[in-house]
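Asks: Mapped onto my numbering, the consecutive letters of the sequence shown carry residue numbers 1 to 640.
No residue lacks a Cβ here, since even glycine has one placed at the ideal position from N, Cα and C.
Okay, here's the structure, questions in a sec.
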Amino acid sequence: MSRLHRFRADLLALLAILLLALLWFAPVLLPGLTRATLLPYDNLYTFEPWQSLQPGLIPHNNLLSDLVLQNAVWKQHIRETLAAGEIPLWNPKSFTGIPFLAGGQASTFYPLNILFYVLPLEVAYGWFTALQVAIAGACMYVFGRVLRLRVLAALFGAVVYMFSGFLVVSVVFTMFVAAVPWLPLVLAVIEYIVRKQEEKGNRSFQPIPYVAAGAAVIGLVVLAGHPELIYYTLIVAGAYTFVRLIAAYFRIRRQSQQPSPFVRILKLAGWLLTMAVAGVALGAVQLIPLVELLPLNFREGSASLEQVLGWAWPSRHVLTFALPNIFGNPSHHQWFDIWARTWTPATVNALGETNHTIFWGIKNYVEGGNYLGIATWLLAGVALIAAVQVLWKRRSEIGDSRLGDREIERLGDAQAAANLQSPISQSPNRSISSLPTFFFASLAMLSLLFAFGTPLYALLYYGLPGWSQLHSPFRWVFPFTLSMAALGAIGLNVVLAWMERGARGEGRGEDKKRGRQGEGDSPIPNLQSPSSHSPTLPIAQSLTALLAFAGLAALLAVLASLFAPDPFVAFGERIVDGSDLAQMAFDGGRMFWSYQAANLAHFGVMSLLVGMLVWWGTRGEGKRGRGGEGESTISNLQSP
1 MSRLHRFRAD
11 LLALLAILLL
21 ALLWFAPVLL
31 PGLTRATLLP
41 YDNLYTFEPW
51 QSLQPGLIPH
61 NNLLSDLVLQ
71 NAVWKQHIRE
81 TLAAGEIPLW
91 NPKSFTGIPF
101 LAGGQASTFY
111 PLNILFYVLP
121 LEVAYGWFTA
131 LQVAIAGACM
141 YVFGRVLRLR
151 VLAALFGAVV
161 YMFSGFLVVS
171 VVFTMFVAAV
181 PWLPLVLAVI
191 EYIVRKQEEK
201 GNRSFQPIPY
211 VAAGAAVIGL
221 VVLAGHPELI
231 YYTLIVAGAY
241 TFVRLIAAYF
251 RIRRQSQQPS
261 PFVRILKLAG
271 WLLTMAVAGV
281 ALGAVQLIPL
291 VELLPLNFRE
301 GSASLEQVLG
311 WAWPSRHVLT
321 FALPNIFGNP
331 SHHQWFDIWA
341 RTWTPATVNA
351 LGETNHTIFW
361 GIKNYVEGGN
371 YLGIATWLLA
381 GVALIAAVQV
391 LWKRRSEIGD
401 SRLGDREIER
411 LGDAQAAANL
421 QSPISQSPNR
431 SISSLPTFFF
441 ASLAMLSLLF
451 AFGTPLYALL
461 YYGLPGWSQL
471 HSPFRWVFPF
481 TLSMAALGAI
491 GLNVVLAWME
501 RGARGEGRGE
511 DKKRGRQGEG
521 DSPIPNLQSP
531 SSHSPTLPIA
541 QSLTALLAFA
551 GLAALLAVLA
561 SLFAPDPFVA
571 FGERIVDGSD
581 LAQMAFDGGR
591 MFWSYQAANL
601 AHFGVMSLLV
611 GMLVWWGTRG
621 EGKRGRGGEG
631 ESTISNLQSP
């Protein structure tokens, strides 16, 4: 019972993640009652012979046709083949027959796919998607806790990841929803194994249970059957392993008086490599046929680097990070006229052609889905600023006061002893490293460079085996989403620490009192001198103010257009007249501005709200910083 009590906060957070996923997909969990399903059957009426039955029907989202034309057919084929007592090796219904199991994307052996084999497809798709989204959140939460983040911060990262634009627009592709959730858990296992070795120093460590757990998770990714996502998972996990092993080597060498830990780190690398190989082996039943099929597919050598870069995100797509629907949405068939205050169906475009969908993007909406929320960007900035402060301060302290790493670790242990932690994040060394922040910031930047098709993508195209078959630079949104979710969680952890310290009212008097009592009496040491006051908080508050002012400006622009529409309608006319794609989506400037006004209002409200909340969270710390000497950002990153 006491063990459950120690895990209570984590169990409640995981329960909240599950409930959020179930609530989000509630309309499609019981289609018999709600008459709603994830399967877009209405899209069938755009093809004969169904079109003749409903000639005027407009599909809700024509972009989802693959789900009912392809994925659902795959699942039905598996059901029929298994019912006949056979393994679905071959698909005789396409062309003159094609390999089926080897293709992988039907996820035939993925464990949760059993839902498709025992439930009606209309029911199975809803439950499969809801549970996989919940798994994505749970894996991200566990990773956050392993990084020693507070419960609320880890929960924030989980929500960002599970409801990210990338994952939400991909729910119609079950192989995506099956593979994407597991990467954070793979990283959590790697982090836990390396940290265990750091705690043991140069002593022997055999992480067999953790290696087995990590191998099982990697095996699930392989069984999901999407070769591209397997590649991404292994690349990111390999990069994280490489960085953590280097950091562990230097950390153990500083802490230990024994010989160089190179051999110990090399053995640990062997364990982690064993984990990866064992994980791939667990998915061999799916991977071996897939590898055999890959050289025979048409993608081999079918596109040059220039063509592949042409399929990357265009530069204007950067606007969708703040305004996800600025280029429309394939499910939008009407627009709100802000002057007439009525919903108006889309019927005709500026060219006089019939048009029922408002979309003028270069990339289709699924390939371009990348929205992460305004708060995530702000908190990621806070995390990066705080990490730079940690690095700068740590170096200045070592240079000025010769405070060694052993003393820093001792002070970190003192803080840990004063905090009640979940066992999920407990370890003798409690001080959070800035390494994850720099790693994920670097990964996010690299992911964007690849996704936008910069020349750097040539390193992948020519340097990695089989990468020339992957014609989708935009899929780097996967590691980008993971990185931003992690950075947002770390940033919230910093803000929560500021709020806690501000609530304690630790001013100059308390700082001096702690100084007289000595470092050992305080769980949060004052490592910062008055002359080296941290710039972290003022910079974070400046970012917060800029975001709030940007939101306010957007709201004022929308408000101004209500009373003086002519300049805004004229602006819309210029955009429509200057863009062939806009001419195909809008009938004129009035429609364009009304549609974009809703997007601006959403951005304005969220930016203003997020800015005010973060400002409120840092207000108490700002007062405390003006009244006292300040504390180390190292302490800010500690989790309670």
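1. Run through DSSP, which three-state label would residue 408 get?
2. Is it buried or exposed for residue 569, if we count other Cβ within 10 angstroms and need 16 for buried?
3. Identify whether residue 425 lies in helix, strand or coil by the three-state DSSP scheme.
4. If I'm right that residue 248 touches residue 198 with Cβ under 8 angstroms, what's the distance once you round it to whole angstroms?
5. Using three-state DSSP, classify residue 91 as helix, strand or coil.
6. With DSSP collapsed to three states, give me the class of residue 171.
7. Determine the closest residue to residue 68 out of 41, 82 and 87, with distance taken between C-alpha atoms.
8. Measure the CB-CB distance between residue 282 and residue 241 and report whether it falls below 8 angstroms.
9. Could you give the residue range of the beta strand (DSSP E) that holds residue 342?
10. What residue from 439, 386 and 244 has the CA that sits closest to residue 195's CA?
11. The beta strand (DSSP E) spanning residue 105 covers which residue range?
12. Closer than 7 angstroms by C-beta to residue 594: which residues in its own chain qualify, once you throw out the five before and the five after it? Chain order, please.
13. Who are the Cβ neighbours of residue 229 in its own chain at under 6 angstroms, not counting the five residues just before and after it?
14. Going by CA-CA distance only, name the one from 468, 448 and 174 that's closest to residue 297.
15. Could you check which residue in 369, 603 and 28 has the C-alpha nearest to that of residue 557?
16. Can you grab the Cα-Cα spacing for the pair residue 591 / residue 355, in whole Å?
17. Run through DSSP, which three-state label would residue 381 get?
18. Does the segment 488-500 come into contact with the segment 345-362, if we say contact requires no fewer than three beta-carbon pairs (one atom in each stretch) closer than 8 angstroms?
19. Tell me the DSSP secondary structure of residue 337 in three-state form.
20. Report back the beta-carbon spacing between residue 88 and residue 96 to the nearest angstrom; my notes put them in contact at under 8 angstroms.
21. Return yes when the C-beta of residue 96 is under 7 angstroms from any heavy atom of the ligand FAD, and no when it is not.
22. Taking the straight line between their C-alpha atoms, what separation do you get for residue 381 and residue 540?
23. Looking at the secondary structure, which residues open and close the alpha helix (DSSP H) in which residue 249 lies?
24. Is residue 354 helix, strand or coil when you go by DSSP?
25. Suppose contacts are defined by Cβ-Cβ distances below 8 angstroms. Is residue 78 in contact with residue 106 by that definition?
26. Specify the secondary structure class of residue 568 as computed by DSSP and reduced to three states.
27. Of the choices 609, 582, 608 and 607, whose alpha-carbon is the least far from that of residue 596?
28. Is the beta carbon of residue 234 sitting closer than 8 angstroms to the one on residue 276?
29. Starting from residue 10, trace the alpha helix (DSSP H) in both directions and tell me its first and last residue.
30. Would the segment 305-315 count as touching the segment 34-50 if we require 3 or more Cβ pairs under 8 angstroms?
31. Report all residues from its chain with a CB closer than 6 angstroms to the CB of residue 572; omit the five preceding and five following residues, and keep chain order.
32. Could you compute how far the alpha carbon of residue 261 sits from the alpha carbon of residue 202?
33. Identify which residue in 475, 434, 453 and 480 has its Cα closest to the Cα of residue 445.
34. Quick check on residue 227: buried or exposed, where buried means 16 or more other Cβ atoms within 10 Å of its Cβ?
35. Using 8 angstroms for Cβ pairs, my map puts residue 284 next to residue 215. What's the rounded Cβ distance?
36. In chain order, what residues of the same chain have a beta carbon less than 6 angstroms from the beta carbon of residue 554, not counting five sequence neighbours either side?
Replies: In short, the structure shows the following:
1. Because residue 408 sits at a pLDDT of 43, beneath the cut-off of 50, its placement in the model cannot be relied upon, and the following sentence gives the value as read from the coordinates. In the displayed model, residue 408 falls within a helix according to three-state DSSP.
2. Under this definition residue 569 is a buried residue.
3. At residue 425, the pLDDT of 47 sits below 50, so the modelled position is not reliable; the number obtained from the coordinates is stated separately. Residue 425 carries a helical assignment under DSSP once its states are collapsed to helix, strand and coil.
4. About 5 angstroms; that satisfies the 8 angstroms criterion.
5. Residue state for residue 91 is assigned as strand, using DSSP reduced to three classes.
6. Correct three-state label for residue 171: coil.
7. Closest by alpha carbon: 41.
8. No.
9. Element bounds for residue 342: 342-345.
10. Here the closest residue by C-alpha is 244.
11. For residue 105, there is no enclosing beta strand (DSSP E), since its DSSP letter is neither H nor E.
12. Result list for residue 594: 335, 336, 337 and 338, in chain order.
13. Answer for residue 229: 179, listed in chain order.
14. Nearest C-alpha to residue 297: 468.
15. Relative to residue 557, the option among 369, 603 and 28 whose CA is nearest is 603.
16. The C-alpha of residue 591 lies about 13 angstroms from the C-alpha of residue 355.
17. Under the three-state reduction of DSSP, residue 381 is assigned to helix.
18. Judged by Cβ distances under 8 angstroms, the segment 488-500 makes no contact with the segment 345-362, as fewer than three pairs qualify.
19. Three-state DSSP puts residue 337 in a strand.
20. A Cβ-Cβ separation of about 17 angstroms leaves residue 88 out of contact with residue 96 under the 8 angstroms criterion.
21. Among the components modelled here there is no ligand, and therefore nothing to report on the ligand FAD.
22. Computed Cα separation, rounded: 8 angstroms.
23. Unbroken alpha helix (DSSP H) run through residue 249: 227-255.
24. Note: residue 354 maps to strand in three-state DSSP.
25. A distance below 8 angstroms separates the beta carbons of residue 78 and residue 106.
26. Residue state, collapsed to three classes: helix.
27. Selected option, being the one with the closest Cα: 582.
28. Yes; because the gap between Cβ atoms is below 8 angstroms, this pair is in contact.
29. For residue 10, the enclosing alpha helix (DSSP H) covers residues 8-24.
30. Counting Cβ pairs under 8 angstroms, fewer than three are found: no touch.
31. Answer for residue 572: 589, 592 and 593, listed in chain order.
32. Cα-Cα distance, rounded: 6 angstroms.
33. Looking at the Cα atoms, 480 is the closest of the given residues.
34. Classification for residue 227: buried.
35. At roughly 12 angstroms, the Cβ-Cβ gap does not stay under 8 angstroms, so residue 284 and residue 215 are not in contact.
36. Excluding its 5 nearest sequence neighbours in each direction, residue 554 has C-beta neighbours in its own chain below 6 angstroms: 600, 603 and 604, listed in chain order.
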